């Protein structure tokens with residue numbers, strides 16, 4: 091464990107807490123993409139299957155349980171409890187266009203052609219594009235609530251910090267995993283224009299408005 | 191393939 095990975099995990103944790111708070115406090119999931127949340131639930135359930143078979147540490151297991159449970163809770167809040175506030179009209183990104191290529195890629199490029207490893211690879215590739223429906227929805231609605239932009243910022247920051255973690259591990263532990271690194275870079279790059287808007291607008295107290 | 195990559199990252 092290193093400071094970059096810990097900061098990344100905490101940023102990820104914070105993002106999910108912000109999202110849950112936003113939905114719970116405002117009793118609304120307006121502006122949130124349910125499709126992205128479905129993809130995230132798929133990411134965590136396919137990645138953390140080794141939760142019971144491969145004990146790493148208490149921290150690792152607790153975080154895995156947290157990510158799986160909160161992603162499922164978010165879907166429940168969005169599609170059941172606050173279903174009336176879910177914005178169907180703007181959450182229209184075709185997730186089939188993501189799932190199919192990611193599945194094919196997971197079957198073609200992986201470290202080991204075993205079920206657990208292929209599912210882990212699928213999860214890594216899927217996570218890199220899972221935010222697209224959300225970013226697409228923000229671009230369609232043209233703006234996002236400030237709390238939602240904080241959620242997106244923390245979520246984007248987490249994998250950006252992981253990149254520093256991978257640099258650190260390469261130099262100090264000689265460890266690297268190209269699949270995770272390439273997917274992590276792609277994932278972070280997808281946030282770039284949002285990061286720019288967040289820093290230039292939200293930090294200054296303005297609302298997140300996408301150029302029309 | 192190379193040594194089994196320990197999946198210790200989240």
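Protein chains in written order, with our numbering: chain U, 91 to 302; chain Z, 191 to 200. Here a beta-carbon is modelled for each residue, glycine too, at the ideal position from N, C-alpha and C. Fair warning: this is a prediction, and the values are worked out from it, not measured in the lab.
Residue interval of the alpha helix (DSSP H) (run including residue i)
i	result
residue 223(U)	222-231
residue 191(U)	186-198
residue 67(U)	Outside the shown range of chain U, which is 91 to 302, sits residue 67(U), and nothing can be said about it.
residue 274(U)	268-280
residue 116(U)	93-116
residue 264(U)	Counting along the chain, residue 264(U) falls outside any alpha helix (DSSP H), and DSSP gives it neither H nor E.
Beta-carbon spacing of residue i, residue j below 8 Å
i	j	result
residue 191(U)	residue 123(U)	no
residue 249(U)	residue 172(U)	no
residue 110(U)	residue 175(U)	no
residue 136(U)	residue 212(U)	yes
residue 225(U)	residue 284(U)	yes
residue 99(U)	residue 153(U)	yes
residue 133(U)	residue 217(U)	yes
Spatial neighbours of residue i in its chain, beta-carbon cut-off 7 Å, leaving aside the 5 residues before and after
i	result
residue 125(U)	181, 183, 185, 223
residue 197(U)	208
Whole-Å CB distance - residue i paired with residue j, under 8 Å assumed
i	j	result
residue 244(U)	residue 101(U)	5 Å
residue 165(U)	residue 127(U)	5 Å
residue 261(U)	residue 94(U)	That belief does not hold up - the Cβ atoms of residue 261(U) and residue 94(U) are roughly 12 Å apart, past 8 Å.
Contacting residues, own chain, Cβ-Cβ under 6 Å from residue i (five flanking each side not counted)
i	result
residue 104(U)	244
residue 106(U)	160
residue 120(U)	175, 177
residue 229(U)	300
Close-in-space but distant-in-sequence residues of the same chain around residue i (CB under 8 Å, 5 per side omitted)
i	result
residue 199(U)	211, 269
Check: Could you give the uninterrupted runs of the alpha helix (DSSP H) lying entirely in the segment 124-173 of chain U, keeping only those of 4 residues or more?
Finding: With a minimum length of 4 residues, the continuous alpha helix (DSSP H) runs that stay inside the segment 124-173 of chain U are 124-137, 148-166.
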